[in-house]
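First to last, the protein sequences are chains U and D. Here the first sequence stands for residues 66 to 231, numbered as in this note's numbering. Here the second sequence stands for residues 2 to 501, numbered as in this note's numbering. Every residue, glycine too, gets a C-beta built ideally from N, C-alpha and C. This one's a predicted model, so the numbers in the text were calculated from it and none came from an experiment.
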Amino acid sequence: MKYEVVVGGRPFVVEIGDGVTVDGRTATGHLYAIPHTPLFQLEMDGRITPVALTREAGGWELHVGGRVWNAVVVDERTRQLRALSGGGKTGAGGGVVKAPMPGMILRLQVEEGQSVKRGVGLVVLEAMKMENEIRAPEDGVVVRIYAELGRAVEKGAPLVELGPSS
Amino acid sequence: MLVANRGEIALRIIRACREEGLESVAVYSEADARSSHVAAADAAVPVGPPPAAESYLNINRLLEAARSSGADAIHPGYGFLAERAEFADAVAEAGLVFIGPPADAIRAMGEKTTARRRMRASGVTVVPGTTEPVADADEAARTASDIGYPVLLKAVAGGGGKGMRRVDAEREVRAAFQQASSEALKSFGNGDVYIERFVERPRHVEIQVLADRHGTTVHFGERECSVQRRYQKLIEEAPSPVVDQELREGMGAAAVRAAEAVGYVGAGTVEFLLEPNREFYFLEMNTRIQVEHPITELVYGVDLVRQQLRIAAGARIDRTDVPERPHGHTIECRITAEDPFDGFLPSTGAVRYLNVPTGPGVRWDGGIAAGESVGLFYDPLLAKLIVWGETRPAAMSRMRRALDELMIVGVATSQPFHRRVLNHKPFLDGDYDIGYVETHADSLLSAEEPLEDLERIAVAAALAEHERRHAAVPVRLHDAQCDGSTDSAWLRAARRDGRR
Chain U
66 MKYEVVVGGR PFVVEIGDGV TVDGRTATGH LYAIPHTPLF QLEMDGRITP
116 VALTREAGGW ELHVGGRVWN AVVVDERTRQ LRALSGGGKT GAGGGVVKAP
166 MPGMILRLQV EEGQSVKRGV GLVVLEAMKM ENEIRAPEDG VVVRIYAELG
216 RAVEKGAPLV ELGPSS
Chain D
2 MLVANRGEIA LRIIRACREE GLESVAVYSE ADARSSHVAA ADAAVPVGPP
52 PAAESYLNIN RLLEAARSSG ADAIHPGYGF LAERAEFADA VAEAGLVFIG
102 PPADAIRAMG EKTTARRRMR ASGVTVVPGT TEPVADADEA ARTASDIGYP
152 VLLKAVAGGG GKGMRRVDAE REVRAAFQQA SSEALKSFGN GDVYIERFVE
202 RPRHVEIQVL ADRHGTTVHF GERECSVQRR YQKLIEEAPS PVVDQELREG
252 MGAAAVRAAE AVGYVGAGTV EFLLEPNREF YFLEMNTRIQ VEHPITELVY
302 GVDLVRQQLR IAAGARIDRT DVPERPHGHT IECRITAEDP FDGFLPSTGA
352 VRYLNVPTGP GVRWDGGIAA GESVGLFYDP LLAKLIVWGE TRPAAMSRMR
402 RALDELMIVG VATSQPFHRR VLNHKPFLDG DYDIGYVETH ADSLLSAEEP
452 LEDLERIAVA AALAEHERRH AAVPVRLHDA QCDGSTDSAW LRAARRDGRR
């Protein structure tokens, strides 16, 4: 069975049959569950790596070496079907700058229609008593301001929409 | 002993009480009812809703908890009320013992401008700058030009980087003054700001002092705390790679003078900025037990929290008990619920699994157990991982080993950052200052992972998916709780990708 795994923004083709191949390279690979824990031991090419695995909609969350990874796992057939129908590719979130954490909007530092350079402060968000300046990720024009002064926002809430600079 | 704190420091104090034969009373907010520190104490009293202002910072509730539980003394830990003079006063007025310095000493050191005046008067060198708050943005601009850019605006009542701004040029000074002042007002209820010269790339080296009620003040050498991000310490070590015995004695003597100048009692820390030319400047004194106190304990063979308890009970310090120099080497890594590869954003969730490193020379001061939740109400510090080794390289090697053993599942933590630092040549060479993390951000904070490691992760995910689909009896892989919160790992991943 062939799977396409996307992790860390990079795709891998993993084929699992009697053995394992990764991008065409043959390897040995086994996954042993450790009962009553979310832990597994990955044995690959003779090396053991402890891995915690949690299934989430659409893929797996992995804890390895202290890092958290989200892997999207799709079998080859599904991947081909998606490619044919043009699905599976979602557009980028436009130029919407979102709240990186829950907090309160303390200051709005731009106006709609204003041109901004990358790194310019857009909004000051207060979280955990610290003032966090949310900056423009790239050059652009402020198309819309979602953030309202003094309002609490959830993590991921849209703050400012940037359009391409004219 | 009522412990007016939570998390790892509450547990640390409760352990000290037990070892001293004292009964301990924990307090907890509604968010902490099932926390480790509550389970460890002899008794526990609820003190209010999750926001700290309504619980851990609520002086009346805490005093009431002390009365109802029959406590004789209150240990404030660090943070929360530890450096609020009015709390020390209130505790004394309630007829209880405050485990800490006299309220006047807290006041003198807490007001940074007062502290600077007192230090100058007692011959301790401070960073050049004002010893009075600046009145407004215009005065800030004038004073900053006099001192010369870059300067640092600092909250008079400050600490922990709050209400602090670096200013490089005159055009930034007004906005920075406004930000620093408003942040200071919000964090400390006092918007006063003063200005000092920005010392370029010094090291942050602090001296542990201990003073009894009978006029004896001693020091336990230095802690090197230069691995910081936005004034938050991440890794500490003792001894400092650049402090020799002569410098140690000089800084130690200055720290003792600083403590004596304010009539200090108990455990305290005098922070210095150390320049490459071995000049050092008094920065501030922390009038409490410090997060990183364990590294001093390991190289000096002292239990600082138990010393605090004994000193409060009237014990005398015996100078012959204080080693002249540190023995071996220690490092501490602060394990926080923050994602180092996503701007150290706080991470929340339930800890589903925890494997704590053990074995020779390893100490874990934690306040979290599997099953507990990490929220946004409090400081993100989960635990401190501390190791001791005969030499600095031995300690480094041991820390790498301990970090390999540590497994925290459920929240993103600073663990992978520590692994990078402990494999980073400048750090291993002791070649770093407070600009270290910023300077090496490309290698330390990059989300990139070696291809070989990504490949293993991909194989693990594919094998797990394969087993799920093909196992005759479904393998029990833990399902994440889908509670519809906006904090799903998928949103986190999407956000990370979107930002690239």
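In this chain, the beta strand (DSSP E) harbouring residue 197 of chain D covers 194–198.
Contact between the segment 83–92 of chain D and the segment 102–117 of chain D is present: three or more C-beta pairs spanning the two stretches fall below 8 Å. Contact with chain U is found for residue 460 of chain D, since one of that chain's Cβ atoms lies less than 7 Å from the residue's Cβ.
Taking 7 Å as the cut-off, the beta carbon of residue 465 of chain D is found closer than this to the beta carbon of residue 118 of chain U.
Around residue 213 of chain U, the same chain offers 170 as residues with beta carbons nearer than 8 Å, after the five sequence neighbours per side are excluded.
Using a Cβ distance threshold of 7 Å, residue 100 of chain D and residue 260 of chain D do not count as a contacting pair. By the criterion of at least three beta-carbon pairs nearer than 8 Å, the segment 283–301 of chain D is in contact with the segment 218–228 of chain D. Beta-bridge partners assigned by DSSP to residue 156 of chain D: D/194. Counting along the chain, residue 272 of chain D sits inside the beta strand (DSSP E) bounded by residues 267–275. For the C-beta of residue 467 of chain D, the chain U residues within less than 8 Å are, from N- to C-terminus, 66, 68 and 81. Listed along the chain, the chain D residues whose CB falls inside 7 Å of the CB of residue 114 of chain U are 457. DSSP, read as helix, strand or coil, puts residue 257 of chain D in helix. Annotation: Cβ neighbours of residue 96 of chain U in chain D (cutoff 8 Å, chain order): 461, 464, 465 and 468. Put simply, the CB of residue 73 of chain U is near chain D, with a gap under 7 Å to one of its CB atoms. Not a single C-beta of chain U is nearer than 7 Å to the C-beta of residue 166 of chain D.
Between the segment 321–330 of chain D and the segment 280–292 of chain D, the count of Cβ pairs shorter than 8 Å is below three; the stretches do not touch. Contact check between the segment 423–441 of chain D and the segment 80–96 of chain U: fewer than three CB pairs, one atom from each, fall below 8 Å, which does not count as touching.
By the criterion of at least three beta-carbon pairs nearer than 8 Å, the segment 199–216 of chain U is in contact with the segment 176–187 of chain U. Its Cα nearest to that of residue 242 of chain D, the residue D/427 stands out among D/70, D/23 and D/427. Put simply, the CB of residue 93 of chain U is far from chain D, with every gap to its CB atoms at 7 Å or more. Listed along the chain, the chain D residues whose CB falls inside 7 Å of the CB of residue 102 of chain U are 354. Taking 7 Å as the threshold, the shortest C-beta distance from residue 346 of chain D to chain U falls below it. Nearest CB-CB separation between residue 203 of chain D and chain U: not below the 7 Å threshold. Annotation: Cβ neighbours of residue 85 of chain U in chain D (cutoff 7 Å, chain order): 460. When only Cα atoms are considered, residue 373 of chain D and residue 404 of chain D end up about 21 Å apart. In the three-state reduction of the DSSP assignment, residue 61 of chain D falls in the helix class, which pools H, G and I. Residue 83 of chain D is outside the set of residues whose beta carbon lies under 7 Å from a beta carbon in chain U. Contact annotation: in the segment 211–231 of chain U, residues whose CB is within less than 9 Å of a CB in chain D are 219, 220, 221 and 222. Residue 463 of chain D and residue 164 of chain U have their C-alpha atoms spaced approximately 33 Å apart. Listed along chain D, the residues sitting closer than 9 Å to residue 166 of chain U by beta-carbon distance are 346, 347 and 377.
Non-local beta-carbon contacts of residue 24 of chain D in its own chain, meaning distances under 8 Å to residues more than five positions away in sequence, involve 2, 18, 43 and 44 in chain order. Contact with chain D is found for residue 133 of chain U, since one of that chain's Cβ atoms lies less than 7 Å from the residue's Cβ. Only residues of its own chain outside the window of five on either side were considered, and among them 92 and 94 have a CB closer than 6 Å to the CB of residue 85 of chain U, listed in chain order.
Proximity of residue 417 of chain D to chain U, defined by a Cβ-Cβ separation below 7 Å, is satisfied.
When DSSP states are grouped into helix, strand and coil, residue 85 of chain U belongs to the strand group. Assignment of beta-bridge partners to residue 169 of chain U by DSSP yields U/191 and U/217.
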